[in-house]
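Numbering (my numbering), first residue to last: -13 to 458. Here the structure is laid out as structure tokens; the discussion comes afterwards.
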Ligand code: ASP
């Protein structure tokens, strides 16, 4: 739009004529004078239509909340009595010279000028494109971008490369249910949406990139649990020729740097981040992600904690009994993890399984797990043994993980990595109660997209093409 300036720039144009555009935040009709607050992405400003600008005044009579308009006006200082020092534009007022209506708006179903915490979430998510206009959500989404950009730049400087990995993939053993996508070309076959880029990022280490990261979308088909979303974002990273301490150190450094740069009002309780073994956490706090804040009333206190020394395996009480009648061992975190170096002998001998420890490290923040990772098994023998301990037959191991075994046997360096739950981290940085407040288009707690109406029926011919019949 020709000559348009942002509302945040108005103050530098005192006494001048300007063009601005945006949404009518509120209109107050005082008879002869009409006041309109105009809002754009950068802020708000008060404007006034005076009776001597007859045409503009007439248009302003018609305006309603959320209409989109363009205004030509003069930036006047406010009379001293009317100055509002709390508002960024509280010292100026726009005298409206000309108004163009760019689009009208139906009466909004929700008020977008306040925090919206009282509005039902169903309505907010159905009209998310309006809900997102509220200043709190504009701030959250824009800050999300800033955090992403900061992290990207830091990892880039550290020699990491952002590499995209596929969304259509094969089923992975991450511990949750996969979302599956039917193949049209091969009826009866399915892709899986990744629960994380775990295998791909390890294969990138095989491929020699040495330092990878990605803001990766992960999909897990779990029943809605409070703060979970069926799709969420991880800041995922992996690096070669490292040990546990190296991966923990770089993640800690990036996290501290990000908070210092972008959230200077936050206080990190302890640097370097303290560490606690899984055993101590369970004994002292009864949970594997303790909240170690000294002062739980301070919303700006961030108590990071590394939880380390995890057992590699646990008995899967709910799992299907093994064919060979052996104990139902499953992994506690990640089947691709390596045991601690001193436990490698027991792993390979499949001995003392319950006391084998993994190189897993979880990053806990104020009682929530916000990240985790491990050093990986980088030899095919060790990875195969993990699956054998879990009762997988060699046939199944080769079928499901043949590509990983073959990659590990093709010259894979020692490597390890970590992923941060990016949405959850943002809830702490933005003081929000749940991840839906920091995601532009979240699903409901039950995993529905109320705005798009998903999941939804599909056309009968789409099912026919896929060779699928719905059974009720
Ligand atoms: N892939 C793991 C996860 O999603 C993270 C990691 O070990 O790097 O939890």
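Built from N, CA and C at the ideal position, the CB exists for glycine as well.
Check, Outcome
"Beta-carbon separation (whole angstroms), residue 174 vs residue 453, contact threshold 8 Å", "7 Å"
"Cut-off 7 Å between Cβ atoms - residues of its own chain near residue 319, not counting five sequence neighbours on either side", "296, 344, 346, 358, 360"
"Helix, strand or coil at residue 366 according to DSSP, with G and I counted as helix", "helix"
"Buried or exposed by the 16-neighbour rule on C-beta atoms within 10 Å, applied to residue 415", "buried"
"Coil, strand or helix - residue 141 by DSSP", "helix"
"Heavy atom of the ligand ASP within 7 Å of residue 368 beta-carbon", "no"
"Collapsed DSSP secondary structure at residue 300 in the structure displayed", "strand"
"Selected residue, minimal CA-CA separation from residue 395, among 385, 367, 373", "367"
"Touching by the beta-carbon criterion (3+ pairs, under 8 Å), the region 423 to 432 and the region 111 to 119", "yes"
"Alpha carbon of residue 121 to alpha carbon of residue 97, nearest angstrom", "11 Å"
"Check: residue 58 C-beta below 7 Å from any heavy atom of the ligand ASP", "no"
"Other residues of its chain near residue 276: CB distance less than 6 Å, five sequence neighbours each side excluded", "267"
"Closer than 7 Å: residue 184 CB and nearest the ligand ASP heavy atom", "yes"
"Buried versus exposed call for residue -2 [16 or more other C-beta atoms within 10 Å across all chains shown]", "exposed"
"Selection from 50, 43, 292 that minimises the alpha carbon distance to residue 84", "43"
"Segment contact, 8 Å Cβ cut-off, at least three pairs: the region 161 to 168 with the region 178 to 195", "yes"
"Same chain, Cβ closer than 6 Å to residue 261, five either side skipped, listed in chain order", "292, 294"
"Inter-residue Cα distance where the pair is residue 77 and residue 24", "15 Å"
"Secondary structure of residue 151, DSSP reduced to three states", "coil"
"N-terminal and C-terminal residue of the beta strand (DSSP E) that residue 245 is part of", "First-last for residue 245: 230 to 248, but that is the alpha helix (DSSP H), not the beta strand (DSSP E)."
"Heavy atom of the ligand ASP within 7 Å of residue 440 beta-carbon", "no"
"The ligand ASP heavy atom lying under 7 Å from the CB of residue 404", "yes"
"Cβ-heavy atom distance, residue 360 to the ligand ASP, below 7 Å", "yes"
"Whole-angstrom C-beta distance between residue 67 and residue 37, which should lie under 8 Å", "So it is not a contact: roughly 21 Å between Cβ atoms."
"Proximity below 8 Å, CB of residue 248 to CB of residue 136", "yes"
"Contact test: residue 200 Cβ vs the ligand ASP heavy atom, cutoff 7 Å", "no"
"Validate contact between the region 371 to 383 and the region 193 to 213 using beta carbons, cut 8 Å, 3 pairs", "no"
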